[in-house]
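Asks:
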Amino acid sequence: DGDNVFDDGDDLCLGTPPNTEVNADGCPVYRFEQDNFNISLTSESCIPNNDGQLDITANTSLDYSIVISGNGVNESADFNTSYQLGDLSSGSYSACITGTDGSITYEEFCIDFVISEPDPLEVLIALDQDALQAILSLSGSELYNIELNGILTQTVDEDFTLGLKPGVNTIKVTGALPCQGIFEEVVLIGSEPVLYPNPFLNELEAYVPYSASPVEVQVYNLQGQQVYSKTYTAEDQLIRMELNILPSGVYLLRLTGGDINFTTKVIKR
């Protein structure tokens, strides 16, 4: 019948109109129109939320069956004009749809799709001690909130320069979404350590130059007797000293290491 399938028993559908797409049995192949499905994807609102969504609307009402698989999901359902699947985590999926109007069965239509999520906030910091500057390299967000010593600035730039003051500077960066994370760092500009609080109750913090690690901490009473000694590794220029073993009083605290040799008076409350 002109469909390139022999009519001597192989062709199960005789009389197929010319130029009709047929299968190996000589029967017509029915495919969905290219614009039959409107597909929309909703990304995760935040990294841990698992609230991505797939929405499918069919222009022609039929008896459809859909199978969703991938990324730990194996879902199947029937629908006539619209289908929705929520609570999706970020990742790759596939969807395959078949349909029938009772007399015609359409060929399977398959797509691959990806549910995305916001990127985590990433911040790299480079210090220029001579110029009193911190150069921030930012990524992961469309908007950045930069707080320097309590003063907030917003920027969309991925490279941002902060003017620092001598002494201790606190830097905090957040993105457009809370779930993207928080970057916080304390930067000491200058060669002398800064101690806080003083007087102190139990814990004393020392901000030291980047070059000063490890740092030897020695504490003396006013009679010149050493009452405390410990070696610390400075993390992000910060040393936390637990000095609750000391009685209340006035002490001399000495820090040595790297380029520093620093002695100051501290008061234990």
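Under the numbering used here, the residue at position 183 of the sequence shown is numbered 1151, and the numbers go up by one with no gaps. For every residue, glycine included, the Cβ atom is placed at its ideal position computed from N, Cα and C.
Roughly how many angstroms lie between the CA atoms of Glu1097 and Pro1182, to the nearest whole one?
Replies: For clarity, residue 1097 is Gln in the given sequence; the question names Glu instead. Cα to Cα, Gln1097 sits roughly 20 Å from Pro1182.
Asks: Is it the case that the stretch 996-1010 contacts the stretch 1034-1048, given that we only count it when at least three CB pairs across the two stretches are under 8 Å?
Replies: They do not touch, by the three-pair rule.
Asks: Strictly by DSSP, which residues pair up with Glu1043?
Replies: Its beta-bridge partners are Ile1036.
Asks: Is the number of C-beta pairs between the stretch 1030-1038 and the stretch 1062-1074 that are closer than 8 Å three or more?
Replies: As far as the Cβ criterion goes, the stretch 1030-1038 touches the stretch 1062-1074, which means the pair count is three or higher.
Asks: Since Gln1186 and Arg1222 are thought to touch, with beta carbons under 8 Å apart, how far apart are those beta carbons, to the nearest angstrom?
Replies: At roughly 5 Å, the Cβ-Cβ gap stays under 8 Å, so Gln1186 and Arg1222 are in contact.
Asks: Could you give the first and the last residue of the continuous beta strand (DSSP E) run that contains Leu1239?
Replies: Past the boundaries of the shown model lies residue 1239; the chain is included only from 969 to 1237, so the question cannot be answered.
Asks: If you run the structure through DSSP and keep just helix, strand and coil, what is Cys1064?
Replies: In this structure, Cys1064 counts as strand in the three-state DSSP scheme.
Asks: Taking DSSP as the reference, what is the three-state secondary structure of Tyr1188?
Replies: Tyr1188: strand per DSSP, three-state reduction.
Asks: Between Leu1053 and Gly1059, what straight-line distance do the alpha-carbon atoms span, to the nearest angstrom?
Replies: So the two alpha carbons sit approximately 14 Å from each other.
Asks: To the nearest whole angstrom, what separates the beta carbons of Ile1157 and Lys1133, a pair I think is in contact under 8 Å?
Replies: The pair is a contact, with the Cβ atoms about 7 Å apart (cut-off 8 Å).
Asks: Quick check on Gln1148: does DSSP put it in helix, strand or coil?
Replies: Three-state DSSP puts Gln1148 in a helix.
Asks: Could you say which of Ser1159, Glu1085, Asn1027 lies nearest to Leu1145 if we only look at CA atoms?
Replies: Leu1145 has its Cα closest to that of Glu1085, out of Ser1159, Glu1085, Asn1027.
Asks: What runs of the beta strand (DSSP E), each 3 residues or longer, lie entirely inside the stretch 1077-1129?
Replies: Qualifying beta strand (DSSP E) stretches, in chain order: 1090-1096, 1101-1107, 1112-1116, 1119-1123.
Asks: In whole angstroms, what is the alpha-carbon distance linking Glu1160 and Gly1118?
Replies: Taking the straight line from one Cα to the other gives about 23 Å.
Asks: Return the residue from the list Glu1110, Asp1023, Ala1099 that minimises the CA-CA distance to Gly1125.
Replies: Rather than Gly, the amino acid found at residue 1125 in this sequence is Asp. The shortest C-alpha separation from Asp1125 is found at Glu1110.
Asks: Could you please give the first and the last residue of the uninterrupted beta strand (DSSP E) stretch that includes Val1162?
Replies: Counting along the chain, the beta strand (DSSP E) containing Val1162 begins and ends at 1162-1164.
Asks: Going by C-alpha distance, which of Gly1108, Tyr1175, Asn1189 is nearest Gly1225?
Replies: If we check each option's Cα against that of Gly1225, Tyr1175 comes out closest.
Asks: Quick one: grab the DSSP three-state call for Asn1137.
Replies: Correct three-state label for Asn1137: strand.
Asks: In whole angstroms, give me the CA-to-CA distance for Leu1190 and Tyr1196.
Replies: So the alpha carbons of these two residues sit roughly 13 Å apart.
Asks: Just list the alpha helix (DSSP H) runs in the stretch 1193-1217, keeping only unbroken ones of 4 residues or longer that don't cross its boundaries, in chain order.
Replies: Entirely contained in the stretch 1193-1217, not one alpha helix (DSSP H) run reaches 4 residues.
Asks: If you follow the beta strand (DSSP E) that Asp1055 is in, where does it begin and where does it stop?
Replies: Taken as a continuous stretch (DSSP letters only), the beta strand (DSSP E) holding Asp1055 covers 1050-1056.
Asks: Which of helix, strand or coil does DSSP assign to Leu1022?
Replies: Three-state DSSP puts Leu1022 in a strand.
Asks: Among residues of its own chain, excluding the 5 on either side of Glu1171, which ones have a beta-carbon nearer than 8 Å to its beta-carbon?
Replies: Cβ neighbours of Glu1171 beyond the five flanking positions: Arg1208, Met1209, Glu1210, Leu1211, Asn1212.
Asks: Buried or exposed for Pro1167, please, with buried defined as at least 16 other CB atoms from any protein chain shown within 10 angstroms of its CB.
Replies: Pro1167 should be labelled exposed.
Asks: Who are the near neighbours of Asn1229 in its chain, counting only those whose CB is closer than 6 Å to its CB and skipping five residues on each side?
Replies: Correct list: empty, nothing qualifies.
Asks: Alpha carbon to alpha carbon, how far is Lys1233 from Gln1194?
Replies: Distance between the alpha carbons of Lys1233 and Gln1194 is about 14 Å.
Asks: So what's Thr1142 in DSSP terms, helix, strand or just coil?
Replies: Residue state, collapsed to three classes: strand.
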